[in-house]
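A.B. asks:
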Amino acid sequence: MSNLNVEEIISSGARPTNSCTDPNAPLSKRARKRLQKRLNYLESRKERKKIRKEKIKSGELRPPKNSRKLVKKTGTQVKDSKCKIGIILDMSWEHLMNQKDLGKSLKQIMRVYCINRRLPNPLKLHVTSFTSIVKKEMDKNEGYLNWDCEFHEAHFMKAFESTKDLIYLSSESETVLETLQDNKFYIIGGLVDHNLHKGVCHEKAIELGIPTARLPISEYIKLKTRKVLTIDQVYNIIALVSEGKSWKDTLLEVLPERKRSCIHGKRRK
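First residue of the sequence shown: 1, per the UniProt record's numbering; consecutive thereafter.
(1) Taking the Cβ atom as the reference point for each residue, do Ile115 and Asp232 lie within a distance shorter than 8 Å?
(2) With 16 other CB atoms within 10 Å as the buried threshold, where does Leu255 fall?
(3) Excluding sequence positions up to five away, which residues of its chain have a Cβ less than 8 Å from the Cβ of Lys184?
(4) Let me know the secondary structure DSSP gives Arg117 once reduced to three states.
(5) Where does residue 270 fall in DSSP's three states?
(6) When the Cα atoms are used, what is the spatial distance from Lys29 to Leu35?
(7) Short check: CB of Ser105 to CB of Ser129, under 8 Å?
(8) Quick one: is the Cβ of Met157 within less than 7 Å of any heavy atom of the ligand SAM?
(9) Excluding five sequence neighbours on each side, which residues of the same chain lie with their C-beta closer than 8 Å to the C-beta of Leu180?
(10) Please report the residue range of the beta strand (DSSP E) in which His126 lies.
(11) Alpha carbons only, please: which of Lys198, His152, Glu174 is nearest the one belonging to Asp90?
(12) Roughly how many whole angstroms lie between the Cα atoms of Gly244 and Gln108?
(13) Cα-Cα, which of Met97, Leu96, Leu215, Leu169 is closest to Trp247?
(14) Between Glu172, Leu125, Asn121, which lies nearest to Val112 when the distance is taken from Cα to Cα?
(15) In terms of residues, what are the limits of the beta strand (DSSP E) holding Lys222?
(16) Spatial neighbours of Ser19 within its chain, please: CB distance less than 6 Å, with the 5 preceding and 5 following residues excluded, ordered by chain position.
(17) So the alpha helix (DSSP H) Phe156 belongs to, where does it begin and stop?
(18) Which of the three DSSP states is assigned to Leu145 in this structure?
(19) Using a Cβ-Cβ cutoff of less than 8 Å, which residues in the same chain neighbour Gln99 once the five nearest sequence positions on both sides are dropped?
(20) Hey, quick one: how far does the beta strand (DSSP E) through Ile188 stretch, first residue to last?
(21) Which residue marks the beginning of the beta strand (DSSP E) containing Ile167, and which one marks its end?
(22) With a threshold of 16 other CB atoms inside 10 Å of the CB of Val127, please say whether the residue is buried or exposed.
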């Protein structure tokens, strides 16, 4: 390890400056001490990183809980997952969103993927109607090209050979989703519209002849506002229930307390 010191930095001309002071003025004793401390830290950082990696490799230390490398190493790939439930993120609504809202919907999809890749048994994840407009916005985050997920330029009606196993999730549906079924694909509308286009996903599903279902939110929780959840909230609920968690516990975990007024008839305290 080299031993840089303040004098070498100053003599080389690469010294810290302050816009409020003369850059040619001599450094104070305190400034020199602060600079030397910073230099010592930078010099030892590489060595500390090396030692830490060796300790993690030997098992003496554990990687951070949310480490991407840890997830990549220990995470289950979709092809090896025991879960037979699929999710389709329907992006055919981009014409109803401005660029800002389209960006928000894609950020929610990124959160969906982050949740999915950390599951012991991830769900089969598909993104349909991944058209040039959607792709252009998504290209701002190049990492998606390596996702363990399937992107389809086509609409889900064309992307899947059979539509009999498709169920469109809609808060307007009269059918309550009580249990998740294997080999079914649950469709989540990729629409961020701030309630401007109420019911469009449900109407389109009916038009296409696709069965609909709503999450059993009102059966367990009374919300203060209309039952409109974000894309990642809907996915998170499905994911937790697919792992064996009850609807009630899942809803209490996913939905913010500020949105709830009653739980099983009991008013919030």
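No residue lacks a Cβ here, since even glycine has one placed at the ideal position from N, Cα and C.
Being a predicted model, the structure only gives us computed values, none of them experimental.
C.D. replies: The structure says:
(1) Numbered from its first residue, the sequence shown carries residue 115 at position 115. Numbered from its first residue, the sequence shown carries residue 232 at position 232. Yes. Within cutoff.
(2) As a working mapping, residue 255 is identified with position 255 in the sequence shown. Classification for Leu255: buried.
(3) Along the sequence shown, read from residue 1 onward, the residue named residue 184 stands at position 184. Closer than 8 Å at the Cβ level, and outside the excluded window around Lys184, lie Ile85, Gly86, Asp165, Leu166, Ile167.
(4) Reading the sequence shown from its first residue, position 117 is the one you call residue 117. In the structure shown, Arg117 sits in a helix (DSSP, three-state: H, G or I).
(5) There is no way to answer for residue 270, as the model of the chain reaches only from 1 to 269.
(6) Locating residue 29 in the sequence shown gives position 29, where the first residue counts as 1. Locating residue 35 in the sequence shown gives position 35, where the first residue counts as 1. Near 10 Å, if we compare the C-alpha coordinates of Leu35 and Lys29.
(7) Against the sequence shown, residue 105 aligns to sequence position 105. Against the sequence shown, residue 129 aligns to sequence position 129. Not in contact: Ser105 and Ser129 (Cβ atoms no closer than 8 Å).
(8) Of the ligands one can find in the structure shown there are none, so the ligand SAM has no counterpart to examine.
(9) Counted from its first residue, the sequence shown places residue 180 at position 180. So the qualifying residues of the chain are Ile85, Tyr186, Ile238, Val241, Ser242.
(10) Position 126 of the sequence shown, counted from the start, is the residue given in the question as residue 126. Run containing His126: 124-128, per the beta strand (DSSP E) assignment.
(11) Translated into the one-based positions of the sequence shown, residue 90 becomes position 90. Nearest option by C-alpha distance: His152.
(12) The count along the sequence shown starts at 1 and reaches residue 244 at position 244. The count along the sequence shown starts at 1 and reaches residue 108 at position 108. Using only the alpha carbons, I get a separation of about 24 Å.
(13) For the purposes of this step, residue 247 is taken as the residue at position 247 of the sequence shown. When only C-alpha atoms are compared, the closest one is Leu215.
(14) Numbered from 1 along the sequence shown, position 112 holds the residue referred to as residue 112. Ranking the options by Cα distance to Val112, first place goes to Leu125.
(15) Counted from its first residue, the sequence shown places residue 222 at position 222. Looking at the DSSP string, the run of the beta strand (DSSP E) that includes Lys222 is 221-223.
(16) On the sequence shown, residue 19 is found 19 positions in, with the first residue counted as 1. Only weak support exists for where Ser19 lies, its pLDDT of 44 falling under 50; the value from the coordinates is given anyway. No residues qualify anywhere along the chain.
(17) Along the sequence shown, read from residue 1 onward, the residue named residue 156 stands at position 156. That run of the alpha helix (DSSP H) goes 156-159.
(18) If you number the sequence shown from 1, residue 145 lands on position 145. Helix at Leu145.
(19) Counting from 1 along the sequence shown, the entry for residue 99 is found at position 99. Once the five neighbours on either side are set aside, the close Cβ partners of Gln99 are Glu137.
(20) By one-based count along the sequence shown, residue 188 stands at place 188. That run of the beta strand (DSSP E) goes 185-189.
(21) Position 167 of the sequence shown holds residue 167. From DSSP, the beta strand (DSSP E) with Ile167 extends over 166-169.
(22) Here the question's residue 127 lines up with position 127 in the sequence shown. Counting Cβ neighbours within 10 Å, Val127 comes out buried, since at least 16 surround it.
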